[in-house]
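S.K.: Below is the structure I would like to discuss, written out as structure tokens.
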Amino acid sequence: MKEYGYAHQNQQSMKDALAFVKGVEVEFEDKGDKYDEFLNVMNDFKTLRIDAEGAKARLDELFKEHRHLIMRFNSLTLKGSHFTKHGYETEEEEDMEILDKLEKLESALQLILEILVIKKKEA
């Protein structure tokens, strides 16, 4: 049963990433330089010129006037995250949550890269 849940969750994540990429394409349809910058950020992440945090910072800057894109991107990175209201009992718990968030950010960026590769093959 867990395998089905994981497969379903992964399929939903791919759909969400595809919707995000399509949203970026539509938003920047008449602004080719902005879409090119989006592709440059993703390429820099793919080729390890920047890390996940660097990619997020650049995307936040690129999308700063497009709050809905920031929200959609953040929703990709927050799937499955658990937040606490009362802080952390130990530094280790805080460190684990930070690592968890970074892993989710990297996973979201990898999904976006997969979608871009698929779209390129279809073009």
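With numbering that gives the first Met the number 0, the residue at position 20 of the sequence shown is 19, and numbering never jumps.
Ideal Cβ placement from N, Cα and C applies to all residues, glycine included.
Please classify V25: is it buried, with 16 or more other beta-carbons within 10 angstroms of its beta-carbon, or exposed?
M.R.: Flag for V25 reads exposed.
S.K.: For I111, count neighbouring Cβ atoms within 10 angstroms of its own Cβ and tell me buried if that reaches 16, exposed if not.
M.R.: Buried, since its Cβ has 16 or more Cβ neighbours within 10 Å.
S.K.: Which two residues bound the contiguous alpha helix (DSSP H) that contains K30?
M.R.: Here K30 belongs to no alpha helix (DSSP H), and DSSP marks it neither H nor E.
S.K.: Please report how far the alpha carbon of S106 lies from the alpha carbon of T76, in whole angstroms.
M.R.: Cα to Cα, S106 sits roughly 8 Å from T76.
S.K.: Could you give the distance in angstroms between the alpha-carbon of E64 and the alpha-carbon of D29?
M.R.: Taking the straight line joining both Cα atoms gives about 15 Å.
S.K.: Between the alpha carbons of S12 and D32, how many angstroms are there, rounded?
M.R.: Taking the straight line joining both Cα atoms gives about 27 Å.
S.K.: Check F44 in the structure and name its three-state DSSP category.
M.R.: Residue state, collapsed to three classes: helix.
S.K.: Check each candidate in E60, L61 and A51 and name the one with the smallest Cα separation from D99.
M.R.: For D99, the nearest C-alpha among the options comes from A51.
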